[in-house]
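Take the sequence shown: its letters are residues 125 to 349, numbered as in my numbering. For every residue, glycine included, the Cβ atom is placed at its ideal position computed from N, Cα and C. All figures in this text were calculated on a predicted structure; none of them were measured in a lab.
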Amino acid sequence: MKILLIEDDEKTASYIVKGFTSAGHVVDWVVDGRDGLTAGLDASYDVMVVDRMVPALDGLTLVKSLRAASVRTPVLFLTAMSGVNDRVEGLEAGGDDYLVKPFAFSELTARINALLRRPPMAAEKTKLRVGDLELDLVKRTAERAGVLLELLPREFTLLELLMRNEGRVLTKTMLLERIWNFNFDPQSSVVETHISRLRSKIDKPFDFPLLHTVRNTGYSLHARR
């Protein structure tokens, strides 16, 4: 394995480097987050071991930056921050595993081996397309036939859900639960209102509709068939 270790404690780092190199692996060790980010962007590592509390750039921000740059290298946080919220933050930031100090080297090795047995993480889609309609999930913009569409945040979320389910019929109940977190309320017209507004922006100015009402069932977004 080729391992990137981002750790500012010399004693801990020496222990890890010695353990892995004696097992025949290659370890690059950096002591601060800024150098760690530069090295991590190289994307030539099999795994990264990251301490959360490193100088210059903390481990959490470092991993978020790598994920934003589409670096998919597995990351194991190795840190003294042991609270439940700390572990949740680490995993939500893009970490794949979280090991608390003090630790046994055998467990560190086992966890890294388990990470490497996982199938490679597929790159997440950043754009959705249905016909000539395109949604950019990073820039939070929508275009149809090259024309920029002015969508409100809730309209964007609704359109994203419809595009992710291209060709499927989504019922009013499903939309209420997924977009508004409502239980079914037959008196509510919030779905119909937002569908109407969305249709006026993505369909009416153009030659053919993409958003279709399925009578007594729900709504479906798909290109011409």
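Taking the beta strand (DSSP E) that Lys325 falls in, what are its first and last residues? Lys325: not part of any beta strand (DSSP E); member of the alpha helix (DSSP H) spanning Val314 to Ile326, first to last residue.
Using 8 Å as the threshold, is the region 266-284 in touch with the region 156-163, meaning 3 or more CB pairs across them? At 8 Å Cβ cutoff, the stretches do not touch.
Anyone know if the C-beta pair for Lys188 and Thr203 falls short of 8 Å? No Cβ-Cβ contact shorter than 8 Å links Lys188 with Thr203.
Among Ala163, Leu165, Ala217 and Ser168, nearest to Thr185 - alpha-carbon criterion: It is Ala217.
Would the beta-carbon of Leu261 fall within 8 Å of that of Lys325? Taking 8 Å as the Cβ cut-off, Leu261 and Lys325 do not qualify as a contacting pair.
Where does the unbroken alpha helix (DSSP H) through Met177 begin, and where does it stop? That residue, Met177, is in no alpha helix (DSSP H); it is neither H nor E in DSSP.
Is it a yes or a no for the region 251-259 touching the region 222-237, going by three-plus beta-carbon pairs under 8 Å? Too few Cβ pairs lie closer than 8 Å, so no.
So, under 8 Å CB-CB, Lys163 and Asp152 are touching, yes? Tell me the CB distance rounded to an integer number of Å. Looking at the sequence provided, one finds Ala at residue 163 rather than Lys. Indeed, because the Cβ distance is near 6 Å, the residues count as touching under 8 Å.
Ala228 in three-state terms, based on DSSP: Correct three-state label for Ala228: coil.
For a test of the three-state rule: what should DSSP assign to Leu345, helix, strand or coil? Looking at Leu345 - three-state DSSP - the assignment turns out to be strand.
For Glu267, the three-state DSSP class (helix, strand or coil): Here Glu267 sits in strand by DSSP.
Mind checking which residues open and close the beta strand (DSSP E) that includes Arg253? Arg253: member of the beta strand (DSSP E) spanning Lys251 to Val254, first to last residue.
Spatial distance of Thr373 from Thr197 (CA atoms): Missing from the structure shown is residue 373; the chain here goes from 125 to 349 and no further.
Run the CB neighbour count on Arg176, radius 10 Å, all protein chains shown included, and call it buried at 16 or more, exposed below. The residue is buried, with at least 16 neighbouring Cβ atoms inside 10 Å.
Anticipated Cβ contact below 8 Å, Ala193 with Leu165, distance rounded: Indeed they touch by this definition, with Cβ atoms about 6 Å apart.
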